[in-house]
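So in the UniProt record's numbering, spot 181 of the sequence shown is number 181, and the numbers just go up one at a time.
What follows is a short report on a single structure.
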Amino acid sequence: MVTLEGASAAALPEDRTEPGPLSPFAPGAAAASSARTSPAGPSPPPPPPPPPPVSLLDAAPCEGAVEEPSTRRPVRLRNFNWEAIPAERIHGRSNLWTAARQRGDWTPDWHLLEELFGQRPEPAGSGLWTAPATEQASLLDAKKILNLGIFLKQFKRPVQDIVTDIYHGTGVPYGPEKLLELFKMLPDGKEVEKLESFRGDRSRLSEAEVFALLLVQVPSYARRLELLVLKLQLLPQLNALQSAIQTLTRASLELLGCEELHDLIRLVLKMGNYLNQGGYAGSACGFHVSSLLRLPDTRGNQPGMDLLHFVALEAERKEPSLLHFPHKLRHAAPASRIDDQELAAELQSLEQHLLGAQQDLEGLGLEGQMGPFLHGAELELRAVKAAWQDLQRATASLSDFLCEDPEAFSLPECCGIFHAFGERFLGAIEENQAREAAMRREQQRRLREQAKQKRRSIATCSSRDPGLQDVELDLLASWAPPSSGSPQGRERPLHLNRRHTLTMLAPCPEPLEAAPEPPPPAPASHSKKAKSFSQSLKALLSTPPAMPASPACAQGPRSPSPFCLPAFFQARGPENPSSPASKEVCSLVGFLRRLSVGEKPRSPS
1 MVTLEGASAA ALPEDRTEPG PLSPFAPGAA AASSARTSPA GPSPPPPPPP
51 PPPVSLLDAA PCEGAVEEPS TRRPVRLRNF NWEAIPAERI HGRSNLWTAA
101 RQRGDWTPDW HLLEELFGQR PEPAGSGLWT APATEQASLL DAKKILNLGI
151 FLKQFKRPVQ DIVTDIYHGT GVPYGPEKLL ELFKMLPDGK EVEKLESFRG
201 DRSRLSEAEV FALLLVQVPS YARRLELLVL KLQLLPQLNA LQSAIQTLTR
251 ASLELLGCEE LHDLIRLVLK MGNYLNQGGY AGSACGFHVS SLLRLPDTRG
301 NQPGMDLLHF VALEAERKEP SLLHFPHKLR HAAPASRIDD QELAAELQSL
351 EQHLLGAQQD LEGLGLEGQM GPFLHGAELE LRAVKAAWQD LQRATASLSD
401 FLCEDPEAFS LPECCGIFHA FGERFLGAIE ENQAREAAMR REQQRRLREQ
451 AKQKRRSIAT CSSRDPGLQD VELDLLASWA PPSSGSPQGR ERPLHLNRRH
501 TLTMLAPCPE PLEAAPEPPP PAPASHSKKA KSFSQSLKAL LSTPPAMPAS
551 PACAQGPRSP SPFCLPAFFQ ARGPENPSSP ASKEVCSLVG FLRRLSVGEK
601 PRSPS
């Protein structure tokens, strides 16, 4: 090309104006070259254009990307919260997003999309101006942003003021618990790098991100926050340590000075040696205090009685003052809930934190805010350490007094043993008292039952033996020989017991003058009362009163009427004025005589 151009220029020297070089891909270049070539024949066609470079392929839009419209969207649409894949992981590779569609491209209905997902505009004239929505950058984790935002809203203070308080060491408005919670939400290493390299617009950040961005600009912000927490927590922790140490010390002194407890333990030793006499555990000089809790394991022969109940019973009989020893161990229960190992570890940790804070004061520039506080805390720490040394000496004295192993001895465990033993001892005393009260009630109940049974047996005998003793007494009281000149005395009725009163007694079957027949021997089933009554009745009949014979008795013997049991219990009827009193007396005496000797009534002839 250049040769042809030079040749044509030499052939036409007259032309002063030389045309510029033409690009081989410029329009008209082919016609010019053909006009300048020799007429020998047409030139071959030009070669095809080369393929586009790789950079043009990488710049191609992704499948599904929306072309930028010439005008802005008429309405604001709601956002679709997805997690976008970085573009460098998509371009230059064959994947789902760069693959060409086989069935062509299609466009969604944008108008319908805007109608369905467009945000409603605020009514005109509301007077409220809202800033246009801007895309926010993310410098922290989404969960941390949420938690930190909730944490900052509870103070109702600007984030700039909170950061300023942390810088100057002012933590009273927040409290140690909130500052510890904030300490757990501090940004990590990667987030700190993002925050330090951020040079964008802060108005696009959230409140939590603005706070984190301001906080990382404070020199040694994490150490400042840690010292602020230490300032708020050190004195309360030292006071709690002092109170726990004093409780343990007082509990050990109470155990050392309780003489009632010592006497009771020695009483248990005597009983144990007596029980274990002749065995491998007999003749012991002492025992571990943990063995006191095994007293209820030794059961007695009586129900509800064990060795602990017996110890309480003997202590009450021998020395009642021993029963009140649990009331003298007031600090044993709270001391049993304290862990002395945790106290030692916490005391050592506070001492290390205080020493580290004193070393960091100069580098942080907090001598004015933290200096006086650390000086007072050091004095408190010395007092707590002195109380701890006193506790160690009291613990050693108690373990030596109880003959326990000092390496394995634990003061809180020992306090727990004596507290549990005291509670069980008081329970055994109450059970003994309840048992004694129940025994007294049972004894009284038995006495009442015996008296009741005695009265019942007397009443039963009286009902079964038809009241012979009462009849005999009534007969002896009412029997008197009537005078011959007093007809009223002969006709006076006898006063009998109501249970044995008859309406009408049968007349005497035989005259009184006749000698009584010898009675047959009484059956073995008759009682002694019947025999005694028979003897008294015979003595009574042997001396009859002098009275004229009744006409009814002079008529001769006649068969008695049969005995009727219902008539014996009938109510008393009116008296017959025509019958004399002698007839009634004879009838009654004959009936009682037959009844005493067991004679059956004769059937009427």
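For every residue, glycine included, the Cβ atom is placed at its ideal position computed from N, Cα and C.
Closest in alpha carbon position to residue 295, among 418, 167 and 155, is 418. From the listed residues 174, 215 and 203, the smallest Cα separation to residue 187 is found for 215. Nearest Cα to residue 211 within the set 191, 410 and 226: 191. With respect to the 7 Å criterion, residue 241 and residue 384 are classified as neighbours on the basis of their beta carbons. With contacts defined as CB atoms closer than 7 Å, residue 227 and residue 380 fail to qualify as a contacting pair. When DSSP states are grouped into helix, strand and coil, residue 299 belongs to the strand group. Closest by C-alpha distance to residue 111, out of 180, 323 and 76, is 76.
Collapsing the DSSP output to three states places residue 118 in a strand.
As DSSP reads the structure, residue 306 sits in a beta bridge with 299.
Here DSSP, grouped into helix, strand and coil, assigns residue 374 to helix. Here the stretch 355-370 makes contact with the stretch 218-232; the two share three or more CB pairs at distances below 8 Å. Residue 77 sits in a strand when the DSSP states are folded into three classes. In this structure, DSSP gives residue 425 a helical state, which the three-state scheme calls helix. Contact between residue 264 and residue 325 holds, since their C-beta atoms are separated by about 6 Å, short of 8 Å. Judged by DSSP in its simplified three-state form, residue 324 adopts helix.
Comparing C-alpha distances from residue 424 to each of 246, 297 and 119 shows the shortest one belongs to 297. Per DSSP, reduced to three states, the secondary structure at residue 138 is coil, with no helix or strand assignment. When rounded, the separation of the alpha-carbon atoms in residue 291 and residue 445 is 41 Å.
When 432, 411 and 434 are compared, the shortest CA-CA separation from residue 250 is found for 411. Counting C-beta atoms within 10 angstroms of its own C-beta, residue 274 has fewer than 16 neighbours from the protein chains shown and is therefore classed as exposed.
Segment contact: the stretch 140-153 against the stretch 198-207, three or more CB-CB distances shorter than 8 Å; contact assigned. Around the Cβ of residue 370, a 10 Å sphere holds 16 or more other Cβ atoms; the residue is buried. The DSSP-derived three-state label of residue 242 is helix. Close CB contacts of residue 142 within its chain, under the 6 Å cut and outside five residues either way in sequence, are absent. Straight-line spacing of the CA atoms in residue 95 and residue 88 works out to 13 Å. About 6 Å separates the beta carbons of residue 377 and residue 235, which is inside the 8 Å limit, making them a contact pair. Only residues of its own chain outside the window of five on either side were considered, and among them 323, 425, 428, 429 and 432 have a CB closer than 8 Å to the CB of residue 312, listed in chain order.
Between residue 255 and residue 391, the C-beta spacing is not below 7 Å.
Taking the CA atoms as reference points, residue 193 sits about 22 Å from residue 162.
Residue 180 and residue 145 have their alpha carbons spaced roughly 17 Å apart. Taking the Cβ atoms as the reference, residue 85 lies roughly 12 Å from residue 98, outside the contact range of under 8 Å. Of the candidates 243, 159, 139 and 172, the residue whose Cα lies closest to the Cα of residue 199 is 139.
Here residue 231 really is in contact with residue 373; their C-beta atoms are around 6 Å apart, less than 8 Å. Pairing residue 299 with residue 452, the inter-Cα distance amounts to about 38 Å. Counting along the chain, residue 273 sits inside the alpha helix (DSSP H) bounded by residues 259-275.
Going by beta carbons, residue 185 and residue 213 fall outside the 7 Å limit.
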